[in-house]
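Engineer: Chains A and V are the protein sequences, given in the same order.
Sequence positions in the first sequence follow this note's numbering and run 49 to 153.
Sequence positions in the second sequence follow this note's numbering and run 49 to 153.
What follows is a single structure, and I will ask about it in a moment.
Protein chains: 2
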Amino acid sequence: MEATTTGELRHPAPEEIRLTDVLHALSDPIRLDLVRQLDACAGERTCGSFDLPIAKSTSTHHWRVLRESGLVVTREEGTKRYQRLRRAEIDARFPGLLDSVLAAS
Amino acid sequence: MEATTTGELRHPAPEEIRLTDVLHALSDPIRLDLVRQLDACAGERTCGSFDLPIAKSTSTHHWRVLRESGLVVTREEGTKRYQRLRRAEIDARFPGLLDSVLAAS
DNA sequence: CTGGTTGTACGATCGATAGCGAACAACGAG
DNA sequence: CTCGTTGTTCGCTATCGATCGTACAACCAG
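Below, the structure is given as structure tokens:
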């Protein structure tokens, strides 16, 4: 229940996703850009496939914020981490929110 | 152009309203609550008509963030300040955003 | 004028957060 | 086994942001 069994990543359950956390995660320009790109590719991408004007360790930080807010799910495979937008869960919990945010240029 | 002629309040023009600023303003529980209440009353309300678990000076801070993000417009009358939600401008600039945020319980 | 109401301004505190580099861990390919 | 790749973790720094209390300014009502 509490033990993160060796490398498990914390993801909030759909009901645990909080609106303020989601809004906060989206309020950073870098993270908003990451979410946009993730949405555009409509699938999974590794952290490294985004080229960002920030250091790797900073990128790790942003992916953690996105993951813990509930916006993104991370799957580990080998040394890589694949990120996927939790479209269905977010849309179910906050209908229209992602659509309007992503539609805004 | 730059001079705040004795007590003028800064409000961004509709085109100047930035998505990240709006999302950041809405990501605080207190401000989100203020926006909800403002929307519910569908008109103007003075700062003092909200009872909040925070000090007056903190309230001033939150209204400034809301105003400078473009979410709210402040009209001065006597010693009071009337706050109004900029529904039309926000809806025009970010269609569906406020609807989805306010619809989320 | 006096007092009450409304809200701002200022200064301070304190936790959160974005950013970096360096070191490390895990893995795949040679 | 040895690299190179991928990404984390660990300090550390600097800034931002929410909060408060006190003092002040503007106005309205008596």
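Note that CB positions come from ideal geometry on N, CA and C, so glycine has one too.
Source: prediction; values computed, not measured.
1) Starting from Arg93/V, trace the beta strand (DSSP E) in both directions and tell me its first and last residue.
2) Is the distance from the Cβ of Leu67/V to the Cβ of Phe142/V below 8 angstroms?
3) Starting from Ala86/V, trace the alpha helix (DSSP H) both ways and give me its first and last residue.
4) Restricting to runs no shorter than 4 residues, where is the alpha helix (DSSP H) found entirely within the segment 98–149 of chain V?
5) Name, please, each residue of chain V whose Cβ falls closer than 7 angstroms to the Cβ of Leu71/A.
6) Taking 8 angstroms as the CB-CB cut-off, is Thr68/A touching chain V?
7) DSSP on Arg61/A, reduced to helix/strand/coil?
Structural biologist: Here's the rundown:
1) Glu92 to Thr94
2) yes
3) Going by the sequence as given, residue 86/V is Leu instead of Ala. Pro77 to Cys89 is the extent of the alpha helix (DSSP H) around Leu86/V.
4) 104–117 and 135–141
5) Leu71, Leu74 and Ser75
6) yes
7) Arg is not the amino acid found at residue 61/A; the sequence shown has Ala there. Ala61/A falls in the coil class under three-state DSSP.
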